[in-house]
Amino acid sequence: MLEVIDKGCVSEAHPVPLLFVHGAWHAAWCWNEHFLGYFADHGYRAVAVSFRGHGQSAIDKPLRDCTVDDYVADVKSVADSLQVPPVVIGHSMGGLIVQKYLETNTAPAGVLMASIPPQGNYGSSLRWLRRRPGQAVKMAFTGKSLQYINTPAQAREKFFSANTPEDVVADCAARLQEDSSRVSVDCLVLKLPHPDRVTTPLLVLGAEQDGAHTRKEVRATARAYRTEAEFFPDMGHNMMLEPGWEAVAERIHGWLGDRGL
């Protein structure tokens with residue numbers, strides 16, 4: 001059983017539900033802090049899923065063995081339970097999962113927020129190796145990474161801007177959990193997206209103070225999907241939790257409204 005947080009209802013103005021897909025080490029809670037309520041208040045049905053083994057979602061095999069295909073199947077399971085195909089909105093690793101989902105599933109629109117690019121997570125992994133070579137080597141051998149991101153200082157470096165209040169950073173750090181080592185390999189080389197298979201219109205958003213994905217990588221994502229990237233200043237990787245999250249939500253709301261969604 002997958003954990004699904006479901007808020008709001010579809011409306012005449014917004015007849016299509018929104019399905020939010022979290023990134024590595026997170027769960028549906030990261031959308032529930034601000035985004036689900038915002039979109040529910042604006043007349044949408046807003047749904048967030050926790051991948052298997054994340055949040056309150058059950059799992060039937062070791063987490064370390066979960067694959068990108070497993071996470072795509074989780075998204076599809078929730079999407080198929082809705083009355084109509086939802087808009088899919090993915091953050092970070094969840095952005096890669098959304099890209100893979102859209103290769104074989106239809107959606108009226110999609111949003112990629114600070115997403116892993118179609119070229120994979122090579123750039124982010126290499127930067128981690130250069131900055132913290134000891135951590136990177138230990139992660140490669142043990143398949144465990146949580147201990148390197150779950151203190152406030154580590155979480156701020158990866159996920160937040162320097163201006164984010166300490167309580168926001170500390171709360172996120174305390175909620176992070178281990179993720180699949182197999183998925184990290186999939187995102188590096190084994191299960192990279194094929195943009196040529198995706199016909200869904202995409203909105204590509206980036207954060208100027210992103211500690212995970214560079215502006216160049218976000219622009220490459222947008223280019224692959226024949227669009228232009230949009231960036232938010234003074235914002236870190238966790239765009240749905242950062243101060244200024246309202247501007248991100250408003251941009252998505254406006255973009256969807258322009259498409260009658």
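So in the UniProt record's numbering, spot 78 of the sequence shown is number 78, and the numbers just go up one at a time. Glycine included, every Cβ here is placed at the ideal spot set by N, Cα and C.
Residues near residue i in its chain [Cβ-Cβ closer than 7 angstroms; skip 5 each side]
i, result
"R197", "E103"
"A220", "P117, Q119"
"S77", "L2"
"F159", "C172, G211, G236, H237, N238"
Same chain, Cβ closer than 8 angstroms to residue i, neighbours up to 5 away in sequence not counted
i, result
"V87", "V16, P17, L18, L19, A107, P108, A109, G110, V111, L256, L261"
"D74", "L2, V49, F51, R52, S57"
"E33", "M240, L241"
"V68", "L96, I97, K100, V183, D186, C187, L190, K191"
"A247", "F232"
Sequence-distant residues of the same chain with beta carbon closer than 6 angstroms to residue i, five excluded per side
i, result
"residue 266", "Because the chain spans 1 through 261 in this model, residue 266 falls outside it and cannot be assessed."
"R156", "V169"
"L82", "P17"
"S11", "G43"
Residue i versus the options, residue with shortest Cα-Cα distance
i, options, result
"S115", "N121, G95, H54", "G95"
"Q209", "A173, L203, D234, K216", "D234"
"V21", "Y38, E33, D60, M93", "M93"
"G244", "P152, C9, P165, D179", "P165"
"F232", "R223, I252, Y225", "I252"
"Y71", "A224, H34, K100", "K100"
"Y38", "Q83, M239, E250", "E250"
"R64", "I149, N150, D186", "D186"
"V218", "D179, M113, N163", "M113"
"G23", "G55, G254, A247", "G55"
"N105", "T199, G254, E12", "T199"
"T177", "T151, A207, N163, D167", "Reading off the sequence shown, one finds Gln at residue 177, where the question assumed Thr. Answer by Cα proximity: T151."
"K61", "K216, E246, S180", "S180"
"D258", "L203, A79, E246", "L203"
N-terminal and C-terminal residue of the alpha helix (DSSP H) that residue i is part of
i, result
"L203", "Premise fails: L203 lies in the beta strand (DSSP E), 202-207, not in any alpha helix (DSSP H)."
"E250", "245-258"
"residue 335", "Residue 335 lies beyond the stretch modelled for the chain, which goes from 1 to 261, so this question has no answer here."
Residue span of the beta strand (DSSP E) that contains residue i, given as start and end
i, result
"I149", "Element bounds for I149: n/a, residue is neither H nor E."
"K7", "4-8"
"G110", "110-113"
"V21", "18-21"
Under 9 angstroms between C-beta atoms of residue i and residue j
i, j, result
"G236", "S145", "no"
"W31", "A46", "yes"
"I59", "L36", "no"
"T227", "P201", "yes"
"R182", "C66", "yes"
"G8", "A28", "no"
"A222", "A212", "no"
"L188", "N121", "yes"
"A173", "Q154", "yes"
"V98", "G90", "yes"
"I195", "A170", "Strictly speaking, residue 195 in this sequence is Pro, with Ile absent from that position. No; because the gap between Cβ atoms is not below 9 angstroms, this pair is not in contact."
Contact test: residue i Cβ vs the ligand GDP heavy atom, cutoff 8 angstroms
i, result
"H91", "This structure does not include the ligand GDP; it has no bound ligands of any sort."
Min CB distance residue i to chain B below 9 angstroms
i, result
"H213", "Annotation note: the requested chain B is absent from the structure, which comprises a single protein chain."
As an exercise, report each continuous alpha helix (DSSP H) stretch of at least 4 residues that is fully enclosed by the stretch 174-203, in chain order. Qualifying alpha helix (DSSP H) stretches, in chain order: 181-185.
Which full runs of the alpha helix (DSSP H) of 4+ residues lie inside the stretch 31-104, going along the chain? Within the stretch 31-104, the alpha helix (DSSP H) runs of at least 4 residues that lie entirely inside it are, in chain order, 35-41, 68-81, 93-104.
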